[in-house]
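Residue 239 is where the sequence shown starts when you use this note's numbering, and the numbers rise one by one after that.
Here's the structure we're looking at; comments come further down.
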Amino acid sequence: MPKAFHRFFDNPAGGFFWRNIAGTNRLSGHAFGIAIDINVNQSDYWRNELHGAAGEPANWRAYRPRNRIPFEIVDIFERHGFIWGGKWYHYDTMHFEYRPELL
Ligand SMILES: [Zn+2]
239 MPKAFHRFFD NPAGGFFWRN IAGTNRLSGH AFGIAIDINV NQSDYWRNEL HGAAGEPANW
299 RAYRPRNRIP FEIVDIFERH GFIWGGKWYH YDTMHFEYRP ELL
């Protein structure tokens with residue numbers, strides 16, 4: 239792995255964890271052990287950007303997906319059957335989930 243990518247894998251935020259998707263009553267991919275979060279300090283999450291009272295963005299006009307994860311990393315995960323949370327409308331760029339049936 240190129241040295242420039244190492245910082246994205248330092249202090250990974252975790253794999254298996256029994257919990258719901260934040261703000262929902264649906265189980266997260268982490269509850270099934272099929273998801274991994276890479277370095278939270280290099281990641282962007284939609285809920286952290288613009289907070290409204292109901293957890294929705296306060297200003298939809300200003301809502302823009304953000305990302306600092308290099309696409310080379312995304313590409314490697316996708317080649318191995320992982321979907322990437324950075325492509326979701328409710329983006330979560332640290333999140334990779336093993337869902338080969340979706341690719
Ligand atoms: Zn995650």
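Glycine included, every Cβ here is placed at the ideal spot set by N, Cα and C.
As the structure is a prediction and not an experimental result, all values here were calculated from the model.
CA-CA distance, D282 to F270, rounds to 23 Å. If the five residues before and after L341 are omitted, its C-beta is found closer than 7 Å to the C-beta atoms of E316, G319, I321, all from its own chain and listed in chain order.
Taking C-alpha positions only, H333 is separated from N263 by approximately 19 Å. Residue burial annotation: G252 is exposed, with fewer than 16 other C-beta atoms found within 10 angstroms of its C-beta. Taking 7 Å as the cut-off, the C-beta of H268 counts as close to a heavy atom of ligand 1.
The Cβ atoms of F247 and I276 lie closer than 8 Å to each other. Cβ neighbours of R337 within its own chain (closer than 6 Å, five residues either side excluded): I321.
T331 is the residue among Y327, T331, R302 whose C-alpha sits nearest the C-alpha of V312. In this structure, D282 has its CB at a distance of at least 7 Å from all heavy atoms of ligand 1.
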